Amino acid sequence: MTEGEKSVLSLFLIGVLIVVGKVLAGGEPITARLFIGRMLLGGFVSMVAGVALVQFPDLPPAAVCGFGSMLGIAGYQAVEIAIQRRIKKGENDGGH
């Protein structure tokens, strides 16, 4: 496995673990489907941190992981809220 592949996998796992921690700490009821969906979303949002390497190719791996953690915490919730709003908007438009 190359260094780049290891970095991408690390970022994905960081995002997944952040979401798992948030779900376990939260009090809302959770289904398996929702849990898996959130884990995937958190993982993929964290992988976006790899884009920082395009702008800053000499960025240390710890900085990239930190950026991935930030995106894993805040980014997945923003994406989830946007998707929920879009679904609700579609339901409201279809209900007329």
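If you want my numbering, it's the position in the sequence shown, counting the first as 1, plus 44. Every residue, glycine too, gets a C-beta built ideally from N, C-alpha and C. Everything numeric in this text was worked out from a predicted model, so none of it was measured.
The beta carbon of phenylalanine 88 sits closer than 8 Å to those of Phe56 and Gly59, all from its chain and outside the five residues before and after it, given in chain order.
DSSP, reduced to helix, strand and coil, places isoleucine 74 outside both helices and strands of the structure shown, so it counts as coil. In the DSSP assignment, methionine 45 falls outside any alpha helix (DSSP H) and carries neither an H nor an E. Residue nearest to leucine 84 within the set Gln128, Glu124, Gly134 and Leu68 is Glu124 (criterion: CA-CA distance).
Annotated three-state conformation of phenylalanine 100 is coil, per DSSP. Between isoleucine 117 and isoleucine 62, the CB-CB gap stays under 8 Å. One alpha carbon belongs to alanine 93, the other to proline 104, and they sit about 12 Å apart. Looking at the backbone, the Cα of glutamine 121 and that of glycine 65 are separated by about 14 Å. Here leucine 115 is not near valine 108, since their CB atoms are 8 Å or more apart.
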